[in-house]
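Residue numbers (my numbering): 4 to 351. To start, the structure under review is shown below, and the notes come after it.
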Amino acid sequence: MLVLGIETSCDETGVALYRLRPRAGAPGEQRYGLLAQALYSQVQMHAEYGGVVPELASRDHIRRVLPLTRQVLESSGCALADLHGIAFTEGPGLAGALLVGASVASALAYALGVPAIGIHHLEGHLLSPLLAEDAPAFPFIALLVSGGHTQLMRVEGVGRYQLLGETVDDAAGEAFDKTAQILGLGYPGGPAVSRLAESGRHGQLKLPRPMLNSADLNFSFSGLKTAVLTAARRHGLGDPQIRADLALAFQDAIVEVLTVKALAALEATGLDRLVVAGGVGANRQLRQRLSDTAAAKGYRVYYPDPVLCTDNGAMIAFAGALRLAHLHPTTRAFSVRPRWELDELAPV
Ligand code: KG4
Ligand code: ZN
4 MLVLGIETSC DETGVALYRL RPRAGAPGEQ RYGLLAQALY SQVQMHAEYG
54 GVVPELASRD HIRRVLPLTR QVLESSGCAL ADLHGIAFTE GPGLAGALLV
104 GASVASALAY ALGVPAIGIH HLEGHLLSPL LAEDAPAFPF IALLVSGGHT
154 QLMRVEGVGR YQLLGETVDD AAGEAFDKTA QILGLGYPGG PAVSRLAESG
204 RHGQLKLPRP MLNSADLNFS FSGLKTAVLT AARRHGLGDP QIRADLALAF
254 QDAIVEVLTV KALAALEATG LDRLVVAGGV GANRQLRQRL SDTAAAKGYR
304 VYYPDPVLCT DNGAMIAFAG ALRLAHLHPT TRAFSVRPRW ELDELAPV
């Protein structure tokens, strides 16, 4: 089963081809798994504005999506006629950006007479660790940390997700981006804050750990952002060492909260596998701290390849292939859902 995946929910145009291995009787000659992927990041275009400009994002997706599609078909040696389905990100995300991927995928699917499969963006993220060779088995806990979401989910299987806790205000990635703005680092903030933190000194500045000791699995990061702003005003940002210390203090705080809550979710559910997904999952200090803390308790942590942590077409092609394997007949009409809760998905 060969599926083309198209991701256009925000500021990356991602296209990929995934071939799902049949349960039995696989013909010997075919290649399986991720056959090709191509990604175009609009980050430079938006950097000038300090964040994503939705209308510019939509227009750029229109320019990129067909050339990227040609590129993955050519590099994999596949033809449009070989496709069994076309997956696209149906939501959540920017409405105009989503519409580009949805309409291109649906038009191609209609022309080829194959199903178009609308995929939940976060399902893409949270299944992406399964693309690794050493993939986790179900059930597991997923820590989803992206620019728009911070959630702990219990994952029993494809489409079987139970929300255990989430942020009550800002997402973790949003906190990184806002901190970067305060530190004058530009957009996107996560990688820049993380790089600056490398020259910071531990313990020089102390920031709060919001909701660290709340009895639930929820998060709150808007107070942390305010604390960064207050510290920046108090100490000034002229000295590069102070800026680095503040970046590190912020990263220490957020990493500690994410680690403690993720471990608490494992403890509360009795599960022993943790999957980390979403852009913030690319953060090296978070990975180090989670792996060390988890190992000490006998838990195992799984990460997608760092290039699959941020938005990409591969996760959408993969989720599409898994869903297509179980798909009921669909209509030709398509929709996008800029707001969409993960636990509204139909289980497979
Ligand atoms: O999953 P993603 O690519 O897009 C969304 O669906 O939101 O996540 C983007 C977020 C941004 O907020 C970005 O600053 C953050 O992930 N991010 C990082 C790192 N790389 C990306 N945050 C911390 N450390 C990183 N290395
Ligand atoms: Zn994402």
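Glycine included, every Cβ here is placed at the ideal spot set by N, Cα and C.
- In the three-state DSSP reduction, residue 279 falls in the strand class (E or B).
- Contact annotation: residue 162 and residue 307 have beta-carbon atoms that are not nearer than 8 Å.
- Relative to the non-hydrogen atoms of the ligand ZN, the Cβ of residue 128 comes within a distance shorter than 7 Å of at least one.
- For residue 139, the shortest separation between its Cβ and any heavy atom of the ligand KG4 does not lie below 7 Å.
- Between residue 46 and residue 27, the alpha-carbon positions lie close to 43 Å from each other.
- Taking the CA atoms as reference points, residue 22 sits about 37 Å from residue 300.
- In this structure, residue 99 has its beta carbon at no less than 7 Å from each heavy atom of the ligand ZN.
- Unbroken beta strand (DSSP E) runs of no fewer than 3 residues, entirely contained in the segment 149-190, are found at 153-160, 163-169, following chain order.
- Contact check for residue 170 against residue 222 passes: the beta carbons are separated by less than 8 Å.
- Judged by their CB atoms, residue 196 and residue 175 are not nearer to each other than the 8 Å cut-off.
- For residue 32, there is no enclosing beta strand (DSSP E), as DSSP gives it neither H nor E.
- No heavy atom of the ligand ZN is found nearer than 7 Å to the CB of residue 173.
- Straight through space, the alpha carbons of residue 260 and residue 216 are spaced by roughly 9 Å.
- Within its own chain, the residues whose Cβ lies closer than 7 Å to the Cβ of residue 71, once the five positions on either side in sequence are excluded, are 16, 18, 41, 43, listed in chain order.
- Taking a cut-off of 8 Å for Cβ pairs, the segment 274-281 and the segment 123-132 touch, as three or more such pairs fall below it.
- Closest in C-alpha terms to residue 120, from the list 63, 213, 6, 166, comes 6.
- Shortest gap from the CB of residue 179 to any heavy atom of the ligand KG4: under 7 Å.
- Taking non-hydrogen atoms of the ligand ZN into account, the C-beta of residue 124 is found less than 7 Å away from one of them.
- As a beta-bridge residue in DSSP terms, residue 22 pairs with 5, 36.
- DSSP, read as helix, strand or coil, puts residue 304 in strand.
- Shown here, residue 272 sits in a helix according to DSSP, grouped into three states.
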